[in-house]
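Q:
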Amino acid sequence: SSAKRLMSPRTWSLSFTKFLELLFHLESFSVSSTRSCQHHIFRDHYHYFHSQQFVASFRLFQIKLKEFYLPKSTMTLKPFVFERDYYIELTKSLSVNGYNIFSTIVERLVEFKNFNLMPEFLISKIDQYLSQERIEQQIFRSLMDEIQLKMTAGNSGGGEQKRQLDAASYVSIDDQIVEAKKFITKIVQNWNTILLDLVQIIKKQEKQRESSKKIAIKVVPSGESSAEIASSVLSETDLFNISENSSALQSQPLTTGDTDESTIESGSTKMTSTADDEITRRTGVFKFLSTFLPTAENDFVPLKSPFNDDEHLQLSGKFVVNHRELSSIIAHALSMSEYEQRLNEETLLLNETSQEQNTDVKQQVDDNGTPLEDHQHIDLHFHDSSTKFTVKIFYAAKFHLLRQTILTNHSDEISYIRSLSHCKKWQPRGGKSKSEFWQTTDDYFVLKDLNQKESFSFSTFAPSYIEYITNSIKYNRPTTLTKILGIYHIQYRHNTTGENFKRDILVLENLLNNQNNIFNSTIPPIIYDLKGSMRNRFAVVDETQTDVVFLDENFLTHTQENPFYVRLHTKWTLMKALNADTQFLSKHGIVDYSLLVSCHNDEQQSIVFVGIIDYIRTYTWDKKIETIVKSMSSVGQSPTVISPEHYRTRFLRQMDQYFPVVPDEWHAYEKKFLDLSLFQTETMAANLVNDLPT
1 SSAKRLMSPR TWSLSFTKFL ELLFHLESFS VSSTRSCQHH IFRDHYHYFH SQQFVASFRL
61 FQIKLKEFYL PKSTMTLKPF VFERDYYIEL TKSLSVNGYN IFSTIVERLV EFKNFNLMPE
121 FLISKIDQYL SQERIEQQIF RSLMDEIQLK MTAGNSGGGE QKRQLDAASY VSIDDQIVEA
181 KKFITKIVQN WNTILLDLVQ IIKKQEKQRE SSKKIAIKVV PSGESSAEIA SSVLSETDLF
241 NISENSSALQ SQPLTTGDTD ESTIESGSTK MTSTADDEIT RRTGVFKFLS TFLPTAENDF
301 VPLKSPFNDD EHLQLSGKFV VNHRELSSII AHALSMSEYE QRLNEETLLL NETSQEQNTD
361 VKQQVDDNGT PLEDHQHIDL HFHDSSTKFT VKIFYAAKFH LLRQTILTNH SDEISYIRSL
421 SHCKKWQPRG GKSKSEFWQT TDDYFVLKDL NQKESFSFST FAPSYIEYIT NSIKYNRPTT
481 LTKILGIYHI QYRHNTTGEN FKRDILVLEN LLNNQNNIFN STIPPIIYDL KGSMRNRFAV
541 VDETQTDVVF LDENFLTHTQ ENPFYVRLHT KWTLMKALNA DTQFLSKHGI VDYSLLVSCH
601 NDEQQSIVFV GIIDYIRTYT WDKKIETIVK SMSSVGQSPT VISPEHYRTR FLRQMDQYFP
661 VVPDEWHAYE KKFLDLSLFQ TETMAANLVN DLPT
């Protein structure tokens with residue numbers, strides 16, 4: 001550091017503005033040409049000014065202007081591509097499980113066929129079953145061969161291409177894997193029925209034989225050549241008792257006499273071979289049935305499905321329902337033929353209504369006084385052997401038309417359903433929300449559960465929201481609202497466990513998805529949830545973790561030295577969109593929304609993705625009471641719960657301060673321009689744009 005020096009009179013005569021001008025724009029100026037240090041006196045040095053007890057320091061550094069991205073007006077959904085190794089392991093496991101099932105079926109049928117007391121008509125039937133099993137196993141083998149062939153075809157490339165599959169291959173292979181799993185599940189279900197029927201037939205035959213024939217036991221007193229034949233009946237209980245007592249069935253020496261009938265001597269009692277054969281036969285039946293009926297209650301031991309119990313593979317359709325993955329329940333409902341039929345009916349009715357009347361749908365009622373909007377929801381029911389499902393699709397036709405507008409082509413409705421077929425639990429850290437979240441596996445969508453008040457609020461607000469987003473896309477108006485693509489009520493009840501599950505689910509676009517397509521970096525983004533309030537808006541989290549969401553106070557702390565500087569046109573576009581969006585939300589009494597900010601930084605660029613989220617809570621009577629109570633209890637501070645108008649004003653004011661503009665050649669118009677974007681009409685804004693120099 002240099003020594004302290006008094007300022008010369010000529011330096012004192014410079015204005016502060018001139019000092020800043022030199023600091024910013026002087027290209028080359030060193031301390032002295034005679035000194036060895038050639039660093040720029042303004043750009044490469046810190047400057048300290050001391051007067052009495054005050055010290056002012058200045059340093060110059062390059063700032064990075066933030067490039068802002070609003071939510072895209074349309075979306076293109078691409079299938080999520082796994083690595084080929086994933087499919088190899090999955091196919092291998094599926095093959096082993098499938099062939100094990102068929103092997104078990106053959107073993108059981110052969111046991112039935114080789115049982116020496118099996119009736120002739122059943123042996124013929126078992127031969128037919130064996131032929132049926134061979135046909136079904138061949139169908140399964142063909143399915144697996146097709147999957148392996150497609151994976152082999154994807155092996156023609158080199159390097160990374162060998163490990164990846166294209167989108168078309170993914171869709172085809174994934175569908176065939178689901179088909180194979182459902183085929184095996186159906187095989188297990190059908191063959192359990194067949195095997196149980198065989199066991200029951202044998203038991204029935206045995207009971208009929210027992211009731212029609214008595215087991216003769218000859219008693220020959222000692223010393224007598226002949227005696228009266230005494231008959232008695234061995235009940236099924238007696239037979240089972242004998243089978244359990246091995247000493248009663250021990251072999252004795254065999255003797256031959258003048259007749260063909262052999263006897264077994266035991267003390268003074270002899271039993272004929274007829275009784276002996278009958279006991280042996282019935283004991284053999286019991287031992288054979290015990291392999292299928294091992295418990296005391298004679299419960300049939302079924303073939304066990306090799307797949308996860310959470311998967312409901314008995315349900316038909318392209319997708320697997322997993323009740324732990326809520327989105328898969330929605331995907332199944334949207335792929336049902338019943339849904340397509342009712343959707344077509346609702347779409348026709350919606351078109352007729354819009355052509356005949358230009359009134360608010362919420363004000364229309366049917367002949368019974370029921371709002372017509374209640375008829376726009378579709379209820380679907382489906383079940384398998386263990387679980388009953390119910391899905392209610394709110395405003396099915398309206399949201400379907402909205403998705404057709406948002407998604408780039410009509411076929412992407414299928415891609416939307418496919419995206420929902422798998423999801424995972426997701427819980428961001430640091431946020432104040434108590435809701436549960438799920439993320440689709442391809443990261444395109446986020447599922448959020450709604451409480452009862454939120455569900456009611458959004459269900460009444462949804463038609464206006466759909467119209468607003470549709471018009472924004474139609475007229476190419478910028479909007480920061482995160483797109484909501486559907487709202488659903490899900491309910492299922494498990495027959496065995498008694499689990500009863502109910503949720504209202506919102507499906508919205510994932511703002512954080514596909515950001516790597518614009519910003520290629522392995523560094524995770526910094527995420528903020530900004531409401532424009534400083535009360536209880538500090539997140540205490542481990543900043544080294546991922547999925548951390550910071551709040552307003554964290555944002556101010558992080559941006560003290562590195563503010564989010566933006567260009568004038570960026571600020572104008574952002575504030576214009578925020579102004580229009582918050583005006584729409586305020587009109588419908590929406591509060592508690594926030595701006596999600598995702599910031600990506602590296603040495604070359606700094607990109608920010610923004611979007612308004614959580615705009616589903618209306619300013620209802622409970623919120624009004626909360627406002628009054630907190631206003632009375634918070635002396636000198638504004639309440640955290642305020643009216644929609646006040647919430648909007650505070651929100652816009654803070655967003656304006658959070659993102660300062662860097663002056664450029666348009667700075668003369670800055671104040672007038674930004675004030676206009678916040679509080680004036682679009683017509684006046686257009687006039688101002690026309691007045692700007694080109």
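Using UniProt numbering, the first residue of the sequence shown is number 1, and each one after it goes up by one. Heads up, the beta-carbon is just placed ideally off N, CA and C, and yes, glycines get one too.
Roughly how many angstroms separate the alpha carbons of R653 and T573, rounded to a whole number?
A: Rounded to the nearest angstrom, the gap between the Cα atoms of R653 and T573 is 16 angstroms.
Q: Closer than 7 angstroms by C-beta to D581: which residues in its own chain qualify, once you throw out the five before and the five after it? Chain order, please.
A: T479, T480, L481 and I612
Q: By DSSP, does S598 sit in helix, in strand, or in coil?
A: strand
Q: May I ask you to report which of helix, strand or coil DSSP gives L447?
A: strand
Q: In the DSSP assignment, what residue or residues form a beta bridge with Y395?
A: DSSP output for Y395 lists no bridge partner at all.
Q: If I follow the unbroken alpha helix (DSSP H) through residue 696, where does it start and stop?
A: Past the edges of the chain, shown from 1 to 694, lies residue 696, and the structure says nothing about it.
Q: Figure out for me which residue from Y416, T17 and F445 has the closest Cα to the Cα of K425.
A: F445
Q: Indicate the three-state DSSP secondary structure (helix, strand or coil) for H45 in the structure shown.
A: coil
Q: If contact is defined by three or more beta carbon pairs under 8 angstroms, each pair taking one atom from either stretch, is the region 525–537 in contact with the region 590–598?
A: The region 590–598 makes contact with the region 525–537, as at least three CB pairs between them are under 8 angstroms.
Q: Could you give the DSSP three-state label for M118: helix, strand or coil?
A: coil
Q: Do you know offhand how far N510's Cα is from D310's?
A: 26 angstroms
Q: Please classify Y69: does DSSP put it in a helix, a strand, or coil?
A: strand
Q: Name, in chain order, the residues that DSSP records as bridge partners for Q128.
A: In DSSP, Q128 forms no bridge with anything.
Q: Which one of Q545, N536, S415 and L508 has the shortest CA to CA distance from D552?
A: N536
Q: Between S419 and S335, what straight-line distance do the alpha-carbon atoms span, to the nearest angstrom?
A: 12 angstroms
Q: Can the beta-carbon of L447 be found less than 8 angstroms from the beta-carbon of L326?
A: yes
Q: In the DSSP assignment, what are the bridge partners of D175?
A: In the DSSP output, where bridge partners are listed per residue, D175 has none listed.
Q: Do you know offhand how far E682's Cα is from P71's?
A: In this prediction, E682 has a pLDDT of 43, which is less than 50 and means its spatial position is unreliable; what the coordinates show is noted afterwards. Rounded to the nearest whole angstrom, the CA to CA distance from E682 to P71 is 21 angstroms.
Q: Hey, out of V661, D442, V55 and T557, whose CA is closest to residue 695's CA?
A: No answer is possible for residue 695: the residues shown for the chain start at 1 and end at 694.
Q: Assuming the contact rule is C-beta atoms closer than 8 angstroms, Y87 and I184 should be a hit. Round their C-beta distance to whole Å, please.
A: Actually they are not in contact, since the Cβ atoms of Y87 and I184 sit about 17 angstroms apart, beyond 8 angstroms.
Q: Would you give the residue range spanned by the beta strand (DSSP E) that K474 belongs to?
A: For K474, there is no enclosing beta strand (DSSP E); the residue is found in the alpha helix (DSSP H) stretching over Q452 to K474.
Q: Could you pull out every residue in the same chain whose Cβ sits closer than 7 angstroms to the Cβ of Q189, ignoring the five residues on either side in sequence?
A: Q314
Q: Check whether the Cβ atoms of P644 and G589 sit closer than 8 angstroms, and answer yes or no.
A: yes
Q: Our contact map puts F394 next to I505 with C-beta atoms below 8 angstroms; I'd like the distance itself, whole angstroms only.
A: So it is not a contact: roughly 10 angstroms between Cβ atoms.
Q: Assign H422 to one of three DSSP states: helix, strand, or coil.
A: coil
Q: Whose CA, out of F437, P302, S211 and K181, lies closest to the CA of D197?
A: P302
Q: With DSSP as the reference, label K150 as helix, strand or coil.
A: In this structure, K150 counts as helix in the three-state DSSP scheme.
Q: Taking the CB atoms as reference points, tell me whether F347 and A397 lie closer together than 8 angstroms.
A: Note that residue 347 is Thr in the sequence shown, not Phe. Yes, the pair counts as a contact, with Cβ atoms nearer than the cut-off.
Q: Looking at the C-beta of F651, does it have a partner C-beta in chain E at a distance below 8 angstroms?
A: Absence of chain E from the displayed structure is noted, only one protein chain being present.
Q: Contact defined as beta carbons within less than 8 angstroms: I believe E338 pairs with L380. What is the distance between those atoms, to the nearest angstrom?
A: 6 angstroms
Q: Between which residues of its own chain and Y129 is the CB-CB distance below 8 angstroms, once the five residues before and five after are set aside?
A: L109 and I194
Q: Grab the span of the beta strand (DSSP E) containing D504 for me, first residue to last.
A: N500 to E509
Q: Going by CA-CA distance only, name the one from I616, M534, N100 and E206 that's closest to A462.
A: I616
Q: If you reduce the DSSP assignment to three classes, tell me which class M534 lands in.
A: It is coil, neither helix nor strand.
Q: Measure how close the beta-carbons of residue 697 and P428 come, nearest whole angstrom, since I'm counting them as under 8 angstroms.
A: Because the chain is modelled from 1 through 694, residue 697 falls outside the range shown and cannot be assessed.
Q: Using a 10 Å radius around the Cβ and a threshold of 16 neighbouring Cβ atoms, would you call W12 buried or exposed?
A: exposed
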